[in-house]
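Participant: One structure, as structure tokens, below. Some questions next.
Residue numbers (our numbering): 147 to 611.
Have a look at this one:
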């Protein structure tokens, strides 16, 4: 007889499901999707490793490293898996181009894949094991976010990638270290005491680099938790749905039943949005709508009197900073992002670099942007990240477009060729970066003998670089 819902230990059930997930149980389309996510991740992480703060973290990690550890991406240095996972996850989260699970409002690729590669290398895992591990890590991170209620979590001031990332990373590390279901659940219990991640960065014009580190904190805490559980260090077993578990502590209206896979649901890897634009995922439908009302951004600045955006409440409450003083703040500013899209083009990271933050043309557009909450769009958020844009011309004429599913979302996915083009554009400016065709070939050959070793070798910069 099934236990009553109130007595159902969903944490245990999820741990049993994830510990038992193996490559052979995956459909070809599941494996294909993991490879698309992996290609996007390694390309974004490689470019992110070149950020100044990322290089500083790599140098710090190297002081704790050794030749037998896990690779720090974009370098020739190695460190303990938890340190390498931290640095690499932060790099992957460093350009606002990493993937998004919309309903949990989180970026699972950075903490989950960074952990899978770091621990997989240390554990001597096969490519098949890494693929199954990535599926499980995304599944736990996404379900934890949906169960806690990610939109409410943000309103309470917690950043979902930091808060939920440790659970996804712990899942990945636990599987690759060979932990059983009880030990996996205990690793989540250990992560619970380290879980956090404040949204205060969204209210700050300059002190925002910590947001990059949030994915790293999740990767590091998750890896360490699995390593500690492996040592026999006990954590509480019901970390997700217990009386003081994740849902109860951080959710306002939690739905612990979302920890269970619903009949007919695909794996959460199929509910991931990939980013064509280097800014907050919330803005992507807005940029798509802006593209339509500006005729591919061809309308001159002086032809724009006002831009009004309608969307979920969070656009108004957390994203209207008009004078960002850091790259991260610019990527989190709706007015600035629309200005940069019009002046520089929506896909160009250069529009957010520090030397552009005082660009008078971008700021002039930003000053014409306003946002209003739209009840209909809020009603389907965060399952869909929709918005509308209304452009008012100086003569009072208006153009309006609404987009509910942006380019790169599950409803309008990027093709593998488009992902390769994205990565090619990111790596073109880096002299020591791998060839995109080599990355594609390595990712799609991951299950072959030595496949993981070959992929990681491509992420290593020459020693004299």
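Heads up, the beta-carbon is just placed ideally off N, CA and C, and yes, glycines get one too. None of these values were measured; they are calculated from a predicted model.
Run the CB neighbour count on residue 399, radius 10 Å, all protein chains shown included, and call it buried at 16 or more, exposed below.
Facilitator: To locate residue 399, count along the chain shown from 1; it is residue 253. Exposed, by the Cβ-count rule.
Participant: For residue 162, decide whether its Cβ has a neighbour in chain B, counting only Cβ atoms nearer than 8 Å.
Facilitator: The chain inventory of the structure shown lacks chain B, comprising one protein chain alone.
Participant: Considering only the beta carbon of each residue, do residue 329 and residue 320 sit closer than 8 Å?
Facilitator: Here residue 329 refers to the residue found at position 183 of the chain shown. Here residue 320 refers to the residue found at position 174 of the chain shown. Result yes, Cβ atoms of residue 329 and residue 320 sit closer than 8 Å.
Participant: Assuming residue 340 contacts residue 381 (C-beta within less than 8 Å), just tell me the rounded distance between them.
Facilitator: As a working note, residue 340 is residue 194 in the chain shown. As a working note, residue 381 is residue 235 in the chain shown. Actually they are not in contact, since the Cβ atoms of residue 340 and residue 381 sit about 10 Å apart, beyond 8 Å.
Participant: Does the count of Cβ pairs from the region 432 to 448 and the region 382 to 390 closer than 8 Å reach three?
Facilitator: As far as the Cβ criterion goes, the region 432 to 448 does not touch the region 382 to 390, which means the pair count is below three.
Participant: Do the CB positions of residue 535 and residue 552 come within less than 8 Å of each other?
Facilitator: What you label residue 535 is simply residue 389 of the chain shown in a count that begins at 1. What you label residue 552 is simply residue 406 of the chain shown in a count that begins at 1. No, they are not a contact pair.
Participant: Are the CB atoms of residue 419 and residue 306 nearer to each other than 8 Å?
Facilitator: Here residue 419 is taken as the residue at index 273 of the chain shown, counted from 1. Here residue 306 is taken as the residue at index 160 of the chain shown, counted from 1. No. Outside cutoff.
Participant: Quick check: what's the CA-CA separation for residue 491 versus residue 497?
Facilitator: Here residue 491 corresponds to residue number 345 of the chain shown, with the count starting at 1. Here residue 497 corresponds to residue number 351 of the chain shown, with the count starting at 1. So the two alpha carbons sit approximately 8 Å from each other.
Participant: Where residue 369 and residue 336 are concerned, what is the direct C-alpha to C-alpha distance, given to the nearest angstrom?
Facilitator: Residue 369 sits at position 223 when you count from the first residue of the chain shown. Residue 336 sits at position 190 when you count from the first residue of the chain shown. Computed Cα separation, rounded: 11 Å.
Participant: Pick from 602, 589, 600, 449: whose alpha carbon is nearest that of residue 178?
Facilitator: Numbered from 1 along the chain shown, position 32 holds the residue referred to as residue 178. Among 602, 589, 600, 449, the Cα nearest to that of residue 178 belongs to 589.
Participant: Quick one: measure Cβ to Cβ for residue 472 and residue 352, integer angstroms, because I've assumed they're closer than 8 Å.
Facilitator: Sequence index remark: in the chain shown, residue 472 carries index 326 (1-based). Sequence index remark: in the chain shown, residue 352 carries index 206 (1-based). Going by Cβ atoms, the distance from residue 472 to residue 352 rounds to 5 Å, so yes, they are a contact pair.
Participant: Whose C-beta lies closer than 7 Å to the C-beta of residue 554 among residues of the same chain, with five residues either side of it excluded?
Facilitator: Position 408 of the chain shown holds residue 554. Cβ within range, chain order: 419, 420, 421, 422, 430, 560.
Participant: Around the C-beta of residue 209, are 16 or more other C-beta atoms found within 10 angstroms, so that it is buried, or is it exposed?
Facilitator: In the chain shown, counting from the first residue as 1, residue 209 sits at position 63. Exposed is the call here.
Participant: Cβ atoms of residue 231 and residue 332: under 8 Å apart, would you say?
Facilitator: To locate residue 332, count along the chain shown from 1; it is residue 186. To locate residue 231, count along the chain shown from 1; it is residue 85. Cβ atoms of residue 332 and residue 231: not closer than 8 Å.
Participant: Quick check: what's the CA-CA separation for residue 393 versus residue 338?
Facilitator: In the chain shown, residue 393 corresponds to position 247, counting from 1. In the chain shown, residue 338 corresponds to position 192, counting from 1. About 11 Å.
Participant: Excluding the five sequence neighbours on either side, which residues of its own chain have a C-beta within less than 6 Å of the C-beta of residue 452, listed in chain order?
Facilitator: Taking the first residue of the chain shown as position 1, residue 452 is located at position 306. Correct list, in chain order: 514, 538.
Participant: Spell out the partners DSSP gives residue 517 in its beta bridges.
Facilitator: Position 371 of the chain shown, counting from 1, holds the residue named residue 517. The partner list for residue 517 (beta bridge, DSSP) reads 455.
Participant: Are the beta-carbon atoms belonging to residue 427 and residue 347 less than 8 Å from one another?
Facilitator: Taking the chain shown and counting its residues from 1, the one referred to as residue 427 is at position 281. Taking the chain shown and counting its residues from 1, the one referred to as residue 347 is at position 201. It is not a contact, given that the beta carbons lie outside the stated cut-off.
Participant: For residue 234, count the other beta carbons within 10 Å of its own beta carbon; 16 or more makes it buried, fewer makes it exposed. Which is it?
Facilitator: Counting from one through the chain shown, the residue named residue 234 turns up at place 88. With 16 or more Cβ atoms within 10 Å of its Cβ, residue 234 is classed as buried.
Participant: Alpha carbon to alpha carbon, how far is residue 540 from residue 416? Give it in angstroms, no decimals.
Facilitator: Mapped onto the chain shown, residue 416 falls at position 270. Mapped onto the chain shown, residue 540 falls at position 394. Each residue's Cα considered, the two are about 44 Å apart.
Participant: Under three-state DSSP, which class holds residue 537?
Facilitator: Within the chain shown, numbered from 1, the residue matching residue 537 stands at position 391. Residue 537 falls in the strand class under three-state DSSP.
Participant: For the candidate residues 164, 602, 296, 246, whose alpha-carbon lies nearest to that of residue 281?
Facilitator: In the chain shown, counting from the first residue as 1, residue 281 sits at position 135. Looking at the Cα atoms, 164 is the closest of the given residues.
Participant: Comparing alpha-carbon positions, which option in 529, 478, 519, 493 lies nearest residue 512?
Facilitator: Numbered from its first residue, the chain shown carries residue 512 at position 366. Minimum Cα distance to residue 512 is reached at 478.
Participant: Taking C-beta to C-beta, are residue 250 and residue 296 nearer than 8 Å?
Facilitator: Reading the chain shown from its first residue, position 104 is the one you call residue 250. Reading the chain shown from its first residue, position 150 is the one you call residue 296. Yes.
Participant: Check the C-beta distance from residue 289 over to residue 414 and give it rounded, since I have them as a contact under 8 Å.
Facilitator: Taking the chain shown and counting its residues from 1, the one referred to as residue 289 is at position 143. Taking the chain shown and counting its residues from 1, the one referred to as residue 414 is at position 268. Contact flag correct, Cβ pair sits at about 7 Å.
Participant: Less than 8 Å between the C-beta atoms of residue 517 and residue 461, yes or no?
Facilitator: One-based indexing of the chain shown puts residue 517 at position 371. One-based indexing of the chain shown puts residue 461 at position 315. The answer is yes: Cβ separation under 8 Å.
Participant: Return the chain-ordered ranges of every beta strand (DSSP E) run that is complete within the region 525 to 591 and spans a minimum of 3 residues.
Facilitator: If we require 3 residues or more, the beta strand (DSSP E) runs fully inside the region 525 to 591 come out as 533 to 538, 544 to 549.
Participant: From residue 206 to residue 168, what does the alpha carbon distance come to, in whole angstroms?
Facilitator: On the chain shown, position 60 is the one that residue 206 refers to. On the chain shown, position 22 is the one that residue 168 refers to. Roughly 35 Å separates the two Cα atoms.
Participant: Between which two residues does the alpha helix (DSSP H) holding residue 292 run?
Facilitator: By one-based count along the chain shown, residue 292 stands at place 146. 273 to 294 is the span of the alpha helix (DSSP H), which, as asked, contains residue 292.
Participant: Could you round the C-beta distance between residue 286 and residue 317 to whole angstroms and report it? I think they count as a contact, below 8 Å.
Facilitator: Start at 1 with the first residue of the chain shown, and residue 286 comes out as number 140. Start at 1 with the first residue of the chain shown, and residue 317 comes out as number 171. Indeed they touch by this definition, with Cβ atoms about 4 Å apart.
Participant: Output the distance between the C-alpha atoms of residue 485 and residue 573, rounded to the nearest integer angstrom.
Facilitator: Within the chain shown, residue 485 is the residue found at index 339, counting from 1. Within the chain shown, residue 573 is the residue found at index 427, counting from 1. The alpha-carbon atoms of residue 485 and residue 573 are separated by roughly 25 Å.
Participant: Closer than 6 Å by C-beta to residue 403: which residues in its own chain qualify, once you throw out the five before and the five after it? Chain order, please.
Facilitator: Locating residue 403 in the chain shown gives position 257, where the first residue counts as 1. Once the five neighbours on either side are set aside, residue 403 has no close Cβ partner at all.
Participant: Within this structure, are the beta carbons of residue 343 and residue 360 separated by less than 8 Å?
Facilitator: Residue numbering aside, residue 343 sits at position 197 when the chain shown is read from its first letter. Residue numbering aside, residue 360 sits at position 214 when the chain shown is read from its first letter. Closer than 8 Å, so yes.
Participant: If I'm right that residue 240 touches residue 224 with Cβ under 8 Å, what's the distance once you round it to whole angstroms?
Facilitator: Residue numbering aside, residue 240 sits at position 94 when the chain shown is read from its first letter. Residue numbering aside, residue 224 sits at position 78 when the chain shown is read from its first letter. Residue 240 to residue 224, Cβ: 20 Å. No contact.
Participant: Classify residue 323 as buried or exposed, calling it buried when 16 or more other Cβ atoms lie within 10 Å of its own Cβ.
Facilitator: Taking the chain shown and counting its residues from 1, one reaches residue 323 at position 177. With 16 or more other Cβ atoms within 10 Å, it is buried.
Participant: Can you name, in chain order, every residue of its own chain whose Cβ lies under 6 Å from the Cβ of residue 524, other than the five neighbours on each side?
Facilitator: Sequence index remark: in the chain shown, residue 524 carries index 378 (1-based). Answer for residue 524: 458, 459, listed in chain order.
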